[in-house]
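**Student:** Input: one structure, supplied below.
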Amino acid sequence: MYNSRWLALAHYWVAFAVFLPAAALGAWQMLMRSPLPAPLDDPNLYYASVTLHGTAMAYVVTTFFAMGFGYAVTATSLGRPIRGVTAAWIGFAICLTGTLMAVVAILSGQASVLYTFYPPLFGSGWYYGGATLLIGGSMIWVVLMVVNMAAWKRDNPGRPVPLAMFATTATALLWAWAASGVELEMIGIVLPQVFGFTTQIDAGLARMLFSVTLHAIVYFWLMPAYIAFYTLVPQAAGGRLYSDTMGRLTFIMFLLFSIPVGIHHLFADPEIGVGFKYLQSFLTFLVALPTLLTVFSICASLEIAGRHRGGRGLLGWIAALPWDEPMILAVGLSLVMLGFGGGGGLINMAYSMNSMVHNTAWIPAHFHLMFGGAVVIMYFAIAYEMWPRITGKALRSKRLARWQLWLWFWGMFITTIPWHITGLMGQPRRVAIFDFSDPLLAPMVPLAVMSVIGGFVLLASAILLIVVLVRSQVGDAVLQAPMRYALAVNPPVRVPASLNGFALWNTILLMFMILQYGYPIGQFFVLKSKVPVYEVTRQATAAGVR
Amino acid sequence: MMQRDPPALELDNPWPRIGWISFAVIMITSSLLGFVVLSRYQANSEPLDIWGAICRGLGISADTGAAASPRPPVRTPTDLAWTQATLDRIRAGNAERGGFVAMNCSACHEGSAANPSHLIPTLDGMEAEAVFKQLADYRSGKRSWGVMNAIAKALSVEDAADVAAHFASRAGKLQANSGERIPQGGRGFRQTDVGARLVFAGDPQRGIAPCSSCHGPGGYKIGAPVLAGQYPAYIERQLAAFAQGIRHNDIYEQMRAIARQLTPDEMKAVAEFYGAQQRQLASRD
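Going down the list, the sequences are from chains A and B.
Each residue of the first sequence is one higher than the one before, counting from 1 in this note's numbering.
Each residue of the second sequence is one higher than the one before, counting from 1001 in this note's numbering.
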């Protein structure tokens, strides 16, 4: 692990330390939304909790995990120490400061704006400042990833960049492009309001800029899981990667297609014309391509491993896979969740079908199944894979780890499938209180209760995760297991320059950005649609009003 | 060799070619579908033409723009403003010619034959600005009263200035308001006579300014008619009209707020106080 050991461990621990309380908040929120009695029954707390849960899970856990994973991959895949460790620690400190600022602001009840900000609703400046620092600090990581890959290429002319590093740099570039939207929103719109330079805010422009980030950030979260699919899973299965080129193409396509698609989050926004909504809906469908490519590639790689291990017949190779390995179990469960979540995603991204589910409980159900399920379960598997490498101590134990993964899998399904259905029945999202005695809502009662049960199964799994990681951390050092990445069936000897770097793809992406966002953003400078902000306020409610 | 990426725009290399051609195909296909096909068809109307479809695709429609609620027409109390041009026009009034025009006015505004209940004001000695403004308001319909609207419409602006000059030049019942403030006793809050107290001290607790600050004696404001010597019945009737919103042609509508605060007894007291002013002032001289 060279000099990335403590760097990666610190990032991982921040991520998981935030993860556990955020999971507890999630379980409480499901209880709060259900007809069952909930402790601290107060809608104001619910909205603060949604903000904290969303900010923690979507920004803090993911950013810290991706950064830690990036540092570990850089050192291990390039086989040499990371350059710029001091800068990396400075970035870590900035991100941590930002996180603390945001958390304090949310806990004070002054920033219940939900994690997607929603101007002209306006919360505490500390929250926005914290978010800006967190995202800004992660840009140091972006620069370090690019610098390390470039330096390696300079030192190894003619050699292909290892796939794991190539994919990590793609992730970093994706995040840099994606974060530009929210950074512009913060610096151009929100912070001037915080400091009192402006009195009015263009909510349409702010939402537009946030949408640049809003979908690509999902792929930023997703990328560590995909990197694990390509580089760790075939290795853990005892086989080889089906195709190195396919991996490179996948990550290039994610870079190209995950960013100019954000308007599919704004299908109901009146400022944007139908043409651009359709255009980005069209491009969103293209994002399915790298996912399908990945599913094919991973299944092929697993089949190679399964047959290598003696599996015979059409499906016999599946049984022959080492399912007791957390990584293999996780990828299996992840692909099942990816199938269901992806199907739901196709409905969200379709311009016409989206109107059925827009702003309903279907949406949080979808991204919990997709991100909270398919992606985060791979975070767990990555942690189980990396912990022994970082600490030199054995995982205690694989059996507990498998329990944890299975609990997460079933917890996520029990939570999200009924949640999807209540969404189709018309239950809105981001609402604290429902009158379930209403005949229209009464059929949702059993579904809402099921979601609560799933929520607590998930909480149990989250606790188990921390137990396994802490137990592994405090054991005796016995191993010296270097990190190994899967070899391809045909290891790359020479790859075309365009598949070994990002100059071409960054240029194409720039053109995409100009054509897809130039007009939709530019129009706001003509529309003059600014409105005054309104502050987060506590709503008076009598206790026990449900 | 592949030490460096080839130039991204170099179409001779296979990957840049694949990349840019795919980019072009994606953009052209999706743009045609989005801006020409999809934008063209509407749910309950005829398909749009190509230009209309592209505009709709961009989000430009007839109602593009910030949300606007229908605006009621601006209501102003009067069309007249005290500009230099207005004042010059009034000052140019010819009293001699005005006397000729004012022969139409005398039947009602002079003497009591046609005005037995004194609901029509006397105008002898009224400032030219006040007469000119009321004629302008009658003409534009900002004030309405009986035959006055028709009469004012029959007069040109020049006629109005002449008539105003004519009435201002006549010595009569009304006391010329010089704007001089002479300290006198009996003009404070402790005055027991309700009319005198309201005229000289007002009632600050109810937001009532002293009448005399604009209408005299002592105070002066352009356009505000002098009241000392005016018929009490007329003053009382006008206060009631301001209070009920029937009359509202004072430029800042300040009379609305004042008149609504007054009780009928106070209106009567104020009117009688002003009506008695001529005799008092005359006897003092």
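Beta carbons are placed, not taken as given, at the ideal position from N, Cα and C, and that holds for glycine.
Note that this is a predicted model, so its numbers are computed, not measured.
#1: Check for me: the alpha helix (DSSP H) holding A/M253 runs from which residue to which?
#2: To the nearest angstrom, report how far apart A/Q480 and A/R399 are at their CA atoms.
#3: Does B/G1059 get closer than 7 Å to chain A when you measure Cβ to Cβ?
#4: Any C-beta of chain A sitting closer than 7 Å to the C-beta of B/S1213?
#5: Would you kindly report the start and end of the unbroken alpha helix (DSSP H) that includes A/S529?
#6: From the beta carbon of A/F267, is the nearest beta carbon of chain B less than 7 Å away?
#7: For a quick check, are the C-beta atoms of A/L487 and A/R240 less than 7 Å apart?
#8: So, are the CB atoms of A/A179 and A/I140 less than 7 Å apart?
#9: Rounding to the nearest angstrom, what Cα-Cα distance links A/W13 and B/L1048 in this structure?
#10: Quick one: list the residues of chain A neighbouring B/M1027, beta-carbon separation under 7 Å, in chain order.
#11: Counting contacts by CB-CB distance shorter than 7 Å, is B/P1016 in contact with chain A?
#12: Between which residues of its own chain and A/V50 is the CB-CB distance below 7 Å, once the five residues before and five after are set aside?
#13: If we count the other Cβ atoms within 10 Å of its Cβ and call it buried at 16 or more, is A/A320 buried or exposed?
#14: Interface residues of chain B around A/V274 at Cβ under 8 Å?
#15: Work out the CA separation of B/S1169 and B/E1096 for me, nearest whole Å.
#16: By how many angstroms is the C-alpha of A/A383 removed from the C-alpha of A/W126?
#17: Flag this pair as yes or no: are the beta carbons of A/A294 and A/F229 separated by less than 7 Å?
#18: For A/L504, decide whether its Cβ has a neighbour in chain B, counting only Cβ atoms nearer than 7 Å.
#19: Is it true that the CB of A/Y485 sits closer than 7 Å to the CB of A/S77?
#20: When the distance is taken between beta carbons, is A/A361 closer than 7 Å to A/W323?
#21: Write down every uninterrupted run of the alpha helix (DSSP H) in the stretch 194-252 of chain A whose length is 4 residues or greater and which is fully enclosed by it, in chain order.
#22: Give, in chain order, every unbroken run of the alpha helix (DSSP H) that is at least 4 residues long and sits entirely within the stretch 464-534 of chain A.
#23: Just checking, does the stretch 204-213 of chain A make contact with the stretch 265-280 of chain A on the three C-beta pairs under 8 Å criterion?
#24: Using the Cα positions of B/S1156 and B/F1132, report the straight-line distance between them to the nearest angstrom.
#25: Taking all protein chains shown into account, do 16 or more other C-beta atoms lie within 10 angstroms of the C-beta of A/W505, making it buried, or fewer, making it exposed?
#26: Determine the contact status of B/L1256 and B/L1119, defining contact as a CB-CB distance below 7 Å.
#27: Hey, how far is the Cα of B/M1126 from the Cα of B/P1225?
#28: Within 7 Å of any Cβ in chain B, is that where the Cβ of A/Y219 sits?
#29: Name the chain A residues whose beta carbon is nearer than 9 Å to that of B/F1023?
#30: Take the Cβ of B/S1212 as the centre, count every other Cβ of all protein chains shown within 10 Å, and call the residue buried at 16 or more, exposed below.
#31: Check whether the stretch 216-225 of chain A and the stretch 167-186 of chain A touch, using three or more Cβ-Cβ pairs below 8 Å as the test.
#32: Check whether chain A comes within 7 Å of B/S1045, counting only Cβ atoms and requiring the distance to be less than that.
#33: Report the rounded CA-to-CA distance for A/I90 versus A/T97, giving the unit in angstroms.
#34: Secondary structure at A/I347, three-state DSSP: helix, strand or coil?
#35: Following the continuous alpha helix (DSSP H) through B/S1030, name the residue where it begins and the one where it ends.
#36: Kindly provide the ranges of any alpha helix (DSSP H) runs that are 4 or more residues long and lie completely inside the stretch 1225-1258 of chain B, ordered along the chain.
**Tutor:** Well, looking at it:
#1: D244 to F257
#2: 21 Å
#3: yes
#4: no
#5: Neither: A/S529 is in no alpha helix (DSSP H) and is coded neither H nor E.
#6: no
#7: yes
#8: no
#9: 58 Å
#10: L515
#11: yes
#12: Q29, L114 and R430
#13: buried
#14: G1034, L1038, S1039, R1056, G1057 and G1059
#15: 10 Å
#16: 32 Å
#17: The amino acid at residue 294 of chain A is misidentified as Ala; the sequence shows Thr. Yes.
#18: yes
#19: yes
#20: no
#21: 203-231 and 233-236
#22: 503-522 and 524-527
#23: yes
#24: 11 Å
#25: buried
#26: It should be pointed out that residue 1256 of chain B corresponds to Arg in this sequence rather than to Leu. Not a contact, by the Cβ cut-off of 7 Å.
#27: 7 Å
#28: no
#29: L256, I508, M511 and F512
#30: buried
#31: yes
#32: no
#33: 11 Å
#34: helix
#35: P1014 to S1031
#36: 1232-1244
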